[in-house]
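Asks: I'd like to ask some things about the structure below.
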Ligand SMILES: Nc1ncnc2c1ncn2[C@@H]1O[C@H](COP(=O)(O)O)[C@@H](O)[C@H]1O
Ligand SMILES: Nc1ncnc2c1ncn2[C@@H]1O[C@H](COP(=O)(O)O)[C@@H](O)[C@H]1O
Ligand SMILES: Nc1ncnc2c1ncn2[C@@H]1O[C@H](COP(=O)(O)O)[C@@H](O)[C@H]1O
Ligand code: NA
Ligand code: NA
Ligand code: NA
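Chains as they are written, first to last, in this note's numbering: chain A, 1 to 95; chain B, 1001 to 1095; chain C, 2001 to 2095; chain D, 3001 to 3326; chain E, 4001 to 4326; chain F, 5001 to 5326.
This is how it looks when you write it as structure tokens:
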């Protein structure tokens, strides 16, 4: 299985979770984070201007689709990074 | 070393940290998260009904024991997912 | 690319983010966490006494430098752990 | 039609209307929600304020007046699961462990329902014994322990495991956040008395009603999210969540009168007896009886009984008391 | 020199000085910042308090007095983007989608600016219609929707995608947190009336000014962080962020008078018309027009117009009203 | 036996009893704890309220009265580390860097202890100079800088590194959250004066004592967690944590009298001198002297000196003042 991690501006939240469903993720985990990057510091004091980190455990092919769409549709528009890593899950059936 | 990540309902917190000690983890890191999965949305506004993410860096054999018990004892009872990945640690002695 | 994860006492925050810039990381993500380890429980109720988790996606050579300095300069002084894992990123140019 | 007026008055109070607004927010899928620390902060404030006030009241009334009804309340809490369990098990054909879990919730109490009741009485100028908070404090745990034991007997687990979880449940039931805050601030209030109250009144008493209204807004959201599960729990639990409170409410009022409480105090004991826990009990039960299905006990206590009590229940229990005391 | 005295009085009020302190904290790179839940809690408190108060006022004044100016306010909000868009597009040579986004922000409103204005009027004992909150509630969404449509026309996207995002924008604009809280508590307040107000006044009214001051401290920090971006937006937006509010402010005051509001109410309508949204609009626009550059609309509304309004704007709009009404 | 009565009165105040309740919660391993944002929100409120009040007081008294005792307070803060360092180093055989770190903590101040003292004086109707907050503001940093320099001299690090960390320490000591809030709100208060105070009084003054009581509940939990470390620090630091405050307290009271403060103000200067920092100092020291062992300075300041001062210390320093002034 693949763990896809997305760190992005909070305003992208709905767009990202919608995309996750579309590409076939069965769930996600999300939490607010603070960050620094090419677009400057993002302190986590105002929810609307903060960052969120979204994690989704998905099948490799889903990860492909997900990262693909993120790269083409989302990166040009939102402050975001995304990366993928290999994980061994329990009950792989559910993902 | 293995990094074991567990996302589960907050009520499982004590049970999970107890288990971590039992199987021989020397520490853990924990934070509240919001999530969506087969058992529906879990917004993070009421601590008792929220999710937590628990991370533990452990030896491979400890990870085995941990995931084993989680699968047999915990999954049937709690809303939870767990996965394992390879990490390279500093001071591997302490884990 | 490498994902370097650091969990440390909040007081090390500035020192760690400064180091990240020095060794050449282009960004970082940070959030408060609760933890348990060799130096005892660290509940997350007082920011000054809490833990933070810092994540940075960096080039392998940067990860080397980072972990090296952490091991020699920071571990003796701060309550902290650090580990590295392999990740596949989008837009690897930006890291 | 006094009762109808009383109900209308209650329905038009800010507290209840804010609760309704929360329900609507949840149903309209608005992104409105309180951050967890705000929710926790409000609960701490409400528990500390009510506990401290109760302690000051005990300091004035003297333990002599409090102990008898307090013991009665405790006993009542422990007994309720014993009669609700069979009803659920055989009347509702509900699995043993689930029946035990639900029974524990209805024997335990809801602090927010109690607080809403005190507000309601204050609003209609019905005097009541402020030390009734002591009953709230002693009624939370017993039922949980009884319910856990019932559940353990039903589901014979590996001794050790069940032992640990019974132990955790006991610790949770006795040292859990809410219990600790209530009992602790009761004692603090009893030690301070009026002198101490003067200092903190502008923070713990004056704005109290407004804070409660704001808190009920969030409670409405939380309860509203569970409304979807009503289908899952079936008609029996639906009826159970309304009939049992009414029965327990009457018993509580009667017991209050029998142990020498005034009309207001008896009403509050009725409210406590009728209320079902949805925070302390779920936390303890989830640990001690992880095999019980949370949807059943959470939905019935949070989405059925809690809304019923703060809208219709409270005025009804008061009417019952009025009738008993006339 | 009345106007100068009015401005000095405003600049020396705790609210404005706390805002200035926040600006300094941001510029001095102090590590001072409010935790997110505290910020959110304060916004919830301010919106609920102002909404409930407004509702009670409607309950007293009666809808008959409110509907006409309310509709006018709504219309005004919808029209502002239609004249600011061309100004930005052709006057400022700003890209279509960015012009649409900025126009939406200036048609929409800033609740905090409105609240600061009511505080200012109270401080100088200038009576005003408390139900003006209703105008705040109805002016937030229309401009956002108009702006989004303008942006969509400019950037023809794949039907489906643009459809979803237009839908999300509408939902966001109508059920977003702030709108929902304002409209909801307005209704609750209207249902409760004075009787309900009595209960919650010590929490929602008495400490209100102090809470606002504390909140403006954080707003100062947030606005201060954006000051660095002033260079990026260029002189045109700088002028735009000050001139447009002045124009809209005068139009708003005039419209208030034309629809029968008193001096205070007209001033508040002027403030609303002059204010630019920096929370609700960015959230909706970011979803519906993700191609618009946030630096442009956030910097102009948050770092230019907002500080201008709460320091100089508010007293000026009042003077305009005084002059119109004399 | 006046002193004993004074102490009993203090021990039975809500503030101290809530602190005790927090200690018990920590020892009983209750899961009670405040969410971080609630803790941070309460500190911000307390610092802003006390700072603003102090500023208004300065506005009334005039700088003329304040500057002399303020400079004296600052000097005192800078000198305390110079005499405590050798005591720790040679009396206690404590490593140089640790001795420097601890000395810095005792030269700096604890805002909460100061606030508790003002509350105590208010409770017993002992008038005091409200501008004493200015002393709190100026005493926090100097000792930290002196302590850091002492530590640097002891541990000769690579120039550059030590330079950065000395720089960070200075920045932290001068622009850290608490300092910034105190100084900033002092200035704001001084600019607003009574007129501004009227507006925010219901929020920043009226509920203040209650908020402090709630905050001390959390402080009790935090301090209670450190009680376990008492074994680790050894008898010398235990004695140090009680004797040094007594000595510094007397010196502070005497200095207050020498610089023309009244009985109340002198008591507060004594309290400041006796108190040890456990938030600002640890933050700065951890960055500037990372080799110092936090267990030593945190345990002594947080688990020994802080509880001692708010229970016994404050009434004692008042008695000392009474005796000096009679
Ligand atoms: N190299 C990195 N490692 C970890 N997080 C990053 C990195 N770069 C960016 N981020 C996160 O992604 C957010 C947006 O990145 P950016 O668009 O570069 O500003 C930042 O605020 C960080 O939270
Ligand atoms: N595929 C997934 N990726 C990431 N997190 C997940 C996934 N599935 C479930 N979760 C998390 O695990 C929690 C419980 O999962 P579930 O039992 O499926 O509801 C959810 O609330 C999420 O926080
Ligand atoms: N084995 C582990 N797995 C995950 N996190 C750990 C582990 N050990 C320590 N930590 C985290 O690192 C912090 C400091 O570790 P320590 O210095 O061992 O107390 C702890 O508070 C935990 O948050
Ligand atoms: Na009950
Ligand atoms: Na506007
Ligand atoms: Na001191």
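Idealized CB from N, CA, C, for every residue including glycine.
(1) What's the call for residue 2061/C, buried or exposed, on a 16-neighbour Cβ count within 10 Å?
(2) Quick check on residue 4151/E: buried or exposed, where buried means 16 or more other Cβ atoms within 10 Å of its Cβ?
(3) Excluding the 5 residues preceding and the 5 following residue 3093/D in the sequence, name in chain order all residues of the same chain whose CB lies nearer than 7 Å to its CB.
(4) Have a look at residue 2003/C and residue 53/A and give me their C-alpha separation to the nearest angstrom.
(5) DSSP three-state call for residue 3013/D: helix, strand or coil?
(6) With a threshold of 7 Å (Cβ to nearest heavy atom), would residue 2084/C be considered close to ligand 3?
(7) Answer yes or no: the CB of residue 80/A versus the heavy atoms of ligand 1, is any distance below 7 Å?
(8) If you reduce the DSSP assignment to three classes, tell me which class residue 5154/F lands in.
(9) Around the C-beta of residue 4258/E, are 16 or more other C-beta atoms found within 10 angstroms, so that it is buried, or is it exposed?
(10) Excluding the 5 residues flanking residue 5053/F on each side, which residues of the same chain have their C-beta closer than 8 Å to its C-beta?
(11) Bridge partners of residue 2038/C, per DSSP?
(12) What are the residues in the stretch 5023-5042 of chain F lying within 8 Å of chain C by C-beta distance?
(13) Alpha carbons only, please: which of 3057/D, 3288/D, 3289/D, 3040/D is nearest the one belonging to residue 3193/D?
(14) Going by the C-beta, is residue 39/A closer than 7 Å to any heavy atom of ligand 1?
(15) At a cut-off of 7 Å, is residue 3090/D close to ligand 1 when judged by its beta-carbon and the heavy atoms of the ligand?
(16) By the DSSP assignment, the alpha helix (DSSP H) with residue 5084/F in it spans what residues?
(17) Quick one: Cα of residue 3029/D to Cα of residue 88/A, how far?
(18) I'd like the list of long-range same chain contacts for residue 1023/B, defined as Cβ closer than 6 Å, with 5 residues on each side in sequence excluded.
(19) Between residue 4080/E and ligand 5, is there a pair consisting of the residue's CB and a ligand heavy atom that are separated by less than 7 Å?
(20) Would you kindly check if the distance between the Cβ of residue 4143/E and the Cβ of residue 4081/E is under 8 Å?
(21) Which term fits residue 4102/E, buried or exposed, when burial requires 16 or more other beta carbons within 10 angstroms of its beta carbon?
(22) Output the boundary residues of the alpha helix (DSSP H) element that contains residue 1005/B.
(23) Any beta-carbon of chain B closer than 8 Å to the one on residue 2085/C?
(24) Less than 8 Å separating the beta-carbons of residue 4211/E and residue 4012/E?
(25) What residues in the stretch 3206-3223 of chain D bring their beta carbon closer than 7 Å to a beta carbon of chain E?
(26) Nearest-angstrom Cα distance between residue 4160/E and residue 3105/D?
(27) Is residue 4124/E buried or exposed, if buried means 16 or more other CB atoms sit within 10 Å of its CB?
(28) Need the endpoints of the alpha helix (DSSP H) that residue 15/A sits in, please.
(29) Between residue 3242/D and residue 3116/D, is the Cβ-Cβ spacing less than 8 Å?
(30) My output table needs one value for residue 3129/D: the three-state DSSP class, helix, strand or coil.
(31) Tell me which residue opens and which closes the beta strand (DSSP E) that residue 4119/E is part of.
(32) So with Cβ pairs under 8 Å, would you call residue 5202/F a contact of chain E?
(33) Can you name the start and end residues of the beta strand (DSSP E) that residue 1055/B belongs to?
(34) Could you tell me whether the Cβ atoms of residue 5146/F and residue 5078/F are closer together than 8 Å?
(35) Any Cβ of chain D within less than 8 Å of the Cβ of residue 4158/E?
(36) Leaving out five residues on either side along the sequence, give the residues of the same chain with a beta carbon under 6 Å from the beta carbon of residue 5264/F.
Replies: This is what the structure holds:
(1) By one-based count along the third chain, residue 2061/C stands at place 61. Residue 2061/C should be labelled exposed.
(2) As a first step, residue 4151/E must be located in the fifth chain, where it is residue number 151. Answer is buried; the Cβ neighbour count reaches 16.
(3) The residue given as residue 3093/D occupies position 93 in the fourth chain. None.
(4) Start at 1 with the first residue of the third chain, and residue 2003/C comes out as number 3. Start at 1 with the first residue of the first chain, and residue 53/A comes out as number 53. Whole-angstrom Cα-Cα distance: 14 Å.
(5) For this step, residue 3013/D is matched to residue 13 along the fourth chain. The answer is coil: DSSP assigns residue 3013/D none of H, G, I, E or B.
(6) Here residue 2084/C refers to the residue found at position 84 of the third chain. Every heavy atom of ligand 3 is 7 Å or more from the Cβ of residue 2084/C, so no.
(7) Mapped onto the first chain, residue 80/A falls at position 80. Correct: residue 80/A has its Cβ closer than 7 Å to ligand 1.
(8) Reading the sixth chain from its first residue, position 154 is the one you call residue 5154/F. Helix, per DSSP.
(9) Counting from one through the fifth chain, the residue named residue 4258/E turns up at place 258. It counts as exposed.
(10) By 1-based counting over the sixth chain, the position of residue 5053/F is 53. So the list reads 5130, 5133, 5189, 5197, 5204, 5205, once near-sequence residues are dropped.
(11) Position 38 of the third chain, counted from the start, is the residue given in the question as residue 2038/C. Partner(s): none; residue 2038/C has no beta bridge.
(12) 5033, 5034, 5035, 5036, 5039, 5040
(13) Mapped onto the fourth chain, residue 3193/D falls at position 193. Restricting attention to 3057/D, 3288/D, 3289/D, 3040/D, the CA atom closest to the CA of residue 3193/D is found in 3057/D.
(14) Mapped onto the first chain, residue 39/A falls at position 39. Yes, Cβ of residue 39/A sits closer than 7 Å to a heavy atom of ligand 1.
(15) In the fourth chain, the residue the question calls residue 3090/D occupies position 90. For ligand 1, not one heavy atom lies less than 7 Å from the Cβ of residue 3090/D.
(16) Residue 5084/F sits at position 84 when you count from the first residue of the sixth chain. Element bounds for residue 5084/F: 5063-5086.
(17) Taking the first residue of the fourth chain as 1, we reach residue 3029/D at position 29. Taking the first residue of the first chain as 1, we reach residue 88/A at position 88. When rounded, the distance between both Cα atoms is 35 Å.
(18) Here the question's residue 1023/B lines up with position 23 in the second chain. Excluding residues within five positions, the ones whose Cβ falls inside 6 Å are 1062, 1065, 1066.
(19) Mapped onto the fifth chain, residue 4080/E falls at position 80. At least one heavy atom of ligand 5 is nearer than 7 Å to the Cβ of residue 4080/E, so yes.
(20) Against the fifth chain, residue 4081/E aligns to sequence position 81. Against the fifth chain, residue 4143/E aligns to sequence position 143. Yes, the pair counts as a contact, with Cβ atoms nearer than the cut-off.
(21) To locate residue 4102/E, count along the fifth chain from 1; it is residue 102. Answer is buried; the Cβ neighbour count reaches 16.
(22) Mapped onto the second chain, residue 1005/B falls at position 5. Per DSSP, residue 1005/B is not a residue of any alpha helix (DSSP H); the beta strand (DSSP E) it occupies stretches across 1002-1009.
(23) What you label residue 2085/C is simply residue 85 of the third chain in a count that begins at 1. Chain B, which has a Cβ nearer than 8 Å to the Cβ of residue 2085/C, makes this yes.
(24) Position 211 of the fifth chain holds residue 4211/E. Position 12 of the fifth chain holds residue 4012/E. Not closer than 8 Å, so no.
(25) 3206, 3207, 3209, 3210, 3211, 3213, 3214
(26) As a position in the fifth chain, residue 4160/E is number 160, starting the count at 1. As a position in the fourth chain, residue 3105/D is number 105, starting the count at 1. Model confidence at residue 4160/E stands at a pLDDT of 46, short of 50, so the residue's coordinates are unreliable; what they give is reported in the following sentence. Each residue's Cα considered, the two are about 48 Å apart.
(27) In the fifth chain, counting from the first residue as 1, residue 4124/E sits at position 124. With fewer than 16 other Cβ atoms within 10 Å, it is exposed.
(28) Position 15 of the first chain, counted from the first residue, corresponds to residue 15/A. Counting along the chain, the alpha helix (DSSP H) containing residue 15/A begins and ends at 13-23.
(29) By 1-based counting over the fourth chain, the position of residue 3242/D is 242. By 1-based counting over the fourth chain, the position of residue 3116/D is 116. No, the pair does not count as a contact, with Cβ atoms beyond the cut-off.
(30) Locating residue 3129/D in the fourth chain gives position 129, where the first residue counts as 1. Correct three-state label for residue 3129/D: coil.
(31) Residue numbering aside, residue 4119/E sits at position 119 when the fifth chain is read from its first letter. No beta strand (DSSP E) contains residue 4119/E, which is instead part of the alpha helix (DSSP H) from 4111-4123.
(32) In the sixth chain, counting from the first residue as 1, residue 5202/F sits at position 202. It does; some Cβ of chain E falls within 8 Å.
(33) Against the second chain, residue 1055/B aligns to sequence position 55. 1051-1058 is the span of the beta strand (DSSP E), which, as asked, contains residue 1055/B.
(34) As a first step, residue 5146/F is located in the sixth chain; it is residue number 146 there, counting from the start. As a first step, residue 5078/F is located in the sixth chain; it is residue number 78 there, counting from the start. It is a contact, given that the beta carbons lie within the stated cut-off.
(35) For the purposes of this step, residue 4158/E is identified with residue 158 of the fifth chain, where counting begins at 1. With a pLDDT of 44 at residue 4158/E, under the threshold of 50, the predicted position of this residue should be treated as unreliable, and no value is reported.
(36) As a first step, residue 5264/F is located in the sixth chain; it is residue number 264 there, counting from the start. Excluding positions up to five away in sequence, the list reads 5121, 5126, 5127, 5128.
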